[in-house]
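Structure first, commentary second.
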Amino acid sequence: MNLIQKKREEFLINIRKQKREEVFKSKRISKTQYLPFSNTTTKLSDIYCDAFYSKQFPIAVQFDETIQKILKISELADTFNDKDCEKNYETSQDVEMIFDIINKGYPVLDRACLQILLAFTLPNHFTCKPIVKYIPDLLKFFNQTQYEELKQTVLFIFSNLAADCYQCRDAILIYEIPQTIFKVLHQSNNQLMDDLAQIVINISRTQPLMSNYHQIQMIKLCWELFPHLLNNESIIGILQLIYKICQKDKNLLDLNFINNLCQNKQNSDLFLNEILSLIRIISYFDRNRYEKIENNILNFLVLNVNQTLMNGKQEKFQQKQINKVLSIFTNMIVENPKIIYNILNTNIVQLFKFDEKLQKDNKEIYGNIYYYSFYYQIISSLNKNELKQLIQLFQPIQQLINLLDQNMDNSDIIIDILRIIEIIIQNNSEQISVFIQQNGEQFLAELSQHENEGVYNLCENIFEIIQ
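Adding 1299 to a residue's 1-based position in the sequence shown gives its number in this note's numbering.
The following block contains the structure:
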């Protein structure tokens, strides 16, 4: 692992730790939350209740093993409700004790046990590890308890375990925790779907990546889970997970899922970046694979270009999204040149204007290859009359020379700019004089010395045209 990778991994670990701390603090036991101490009223349950709350009990049962465990759990719950678990705290015996007493019909005890376990998942792998072998017991408790608060805390514990390390993550996967929980929630309670999503998200973020088999299992779950999500953070996290997996294996991407995303306009601007990333994967397919949903994809892109991305000043994050749109358009034009006319009717054409302020404010766009690849694909697909109209509208030679001057250190951009200029002056001889007036020959002379053979050859071609 090189230094950059190491720093990135440390950054991700800190982010996960911070998230786990937030969850833990939000779940500290509240004195106002009510749970019955026992599901049944008996003399023994009353004794246990007094032992837990007031540390009082008859002398005759003072050496009762269960009483001693209840006292210990009460003490630990109070401790970890006030402060965090120490990194070097030995949790093994406490964990064993907890699973001896949990799920015996005492909801308040169950809550205290879960709170302690949640505290143990926070510091590091040393405090987490003893819980791993009891994962099936936690799942059993989740299935059996009737209290949503307790179910939710179990999900938080699973989520923190998944975020801790790959050993804990893999245990969660081996026991098929996410799939089993989804089946339970789908039948009874959709309110916890976002908490389940956090488990899945943490599974995907823990390094090294899960096996190919488990990636396939998780993405299948994502298709089912996604429609039930309400929290934007969960939606973004699941979309990022889908992208991460499908980036490795594009064939796993469900086109019906993308189609539904494009048709559902509600709040799509909040996770536009993630949707564009998935659409870009599709744009690398042969058109016959996505032809049925092509119009919906185009409508989605056009709508967002006109209403969101190219409406007023573009912030840096929007410029990056525009680059994704340009990349998608470029790939789709290769498969279906007819869509050029849809694209040229959008606000994206503003990028063809020669405006030095526009270029200065949008360096993320004009300093990136996506813009020039898109520009080339547009120009090369127009007939002579259409090209003439574009020239009349935007006077592209002046803009291209200006952009060439700004990108003299980028061979890929230089090549695309020269290819565009070549097409323009080849099909419209009037632009030769414009090229010369803009000191185009001087740039050609300089670039003729370029070490890149492609740059040299294009310069030679343009010299022959203008002579």
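Ideal placement from N, C-alpha and C gives every residue a C-beta, glycine not left out.
In this chain, the alpha helix (DSSP H) harbouring histidine 1485 covers 1476-1487. Within the model, the alpha-carbon separation for isoleucine 1700 versus asparagine 1667 is close to 16 angstroms. In this structure, the CA atom of valine 1633 is about 25 angstroms from the CA atom of glutamine 1694. 8 angstroms or more divides the Cβ of aspartate 1381 from the Cβ of glutamine 1451.
Of the candidates Cys1545, Asn1558, Lys1482 and Gly1404, the residue whose Cα lies closest to the Cα of histidine 1527 is Lys1482. Residue ranges of uninterrupted alpha helix (DSSP H) with 4 or more members, entirely inside the segment 1360-1443 and ordered along the chain, are 1364-1381, 1391-1400, 1406-1419, 1424-1427 and 1434-1443. Inclusion of histidine 1513 and leucine 1575 in the CB contact set at 8 angstroms is not warranted, their separation being larger than that value. Taking C-beta atoms under 8 angstroms as the contact rule, isoleucine 1639 and serine 1680 qualify, at a distance of about 5 angstroms. In this structure, the CA atom of glutamine 1355 is about 27 angstroms from the CA atom of leucine 1417. Under the three-state reduction of DSSP output, serine 1710 falls in the helix class. Between serine 1458 and glutamine 1490, the CB-CB gap reaches or exceeds 8 angstroms. Counting of Cβ neighbours within 10 angstroms places methionine 1707 among the exposed residues, the total staying below 16. For the pair leucine 1552 and isoleucine 1580, the CB atoms are nearer than the 8 angstroms cut-off.
Nearest neighbour of aspartate 1349 by Cα position, chosen from Ile1690, Gln1445, Tyr1405 and Leu1524, turns out to be Tyr1405. The three-state reading of DSSP puts phenylalanine 1616 in helix, counting H, G and I together. Every alpha helix (DSSP H) stretch that sits fully inside the segment 1563-1616 and reaches 4 residues is listed by chain position as 1571-1582, 1586-1589 and 1593-1603. Cβ neighbours of tyrosine 1671 within its own chain (closer than 7 angstroms, five residues either side excluded): Ile1712, Asp1715 and Ile1716. Around the beta carbon of asparagine 1501, 16 or more other beta carbons lie within 10 angstroms, which makes this residue buried. In terms of Cβ geometry, tyrosine 1583 and asparagine 1622 do not form a close pair [threshold 8 angstroms]. Our two residues, valine 1624 and leucine 1600, have alpha carbons roughly 7 angstroms apart in a direct line.
For methionine 1396, same chain residues with a beta-carbon under 8 angstroms away, outside a window of 5 residues either side, are Lys1368, Lys1371 and Ile1372 in chain order. Note that the segment 1418-1430 touches the segment 1377-1394; at least 3 beta-carbon pairs, one per stretch, sit closer than 8 angstroms. Per DSSP, reduced to three states, the secondary structure at methionine 1492 is helical.
Looking at Ile1534, Glu1573, Glu1532 and Ile1696, the one whose alpha-carbon comes closest to that of cysteine 1545 is Glu1573.
For lysine 1637, there is no enclosing alpha helix (DSSP H), as DSSP gives it neither H nor E.
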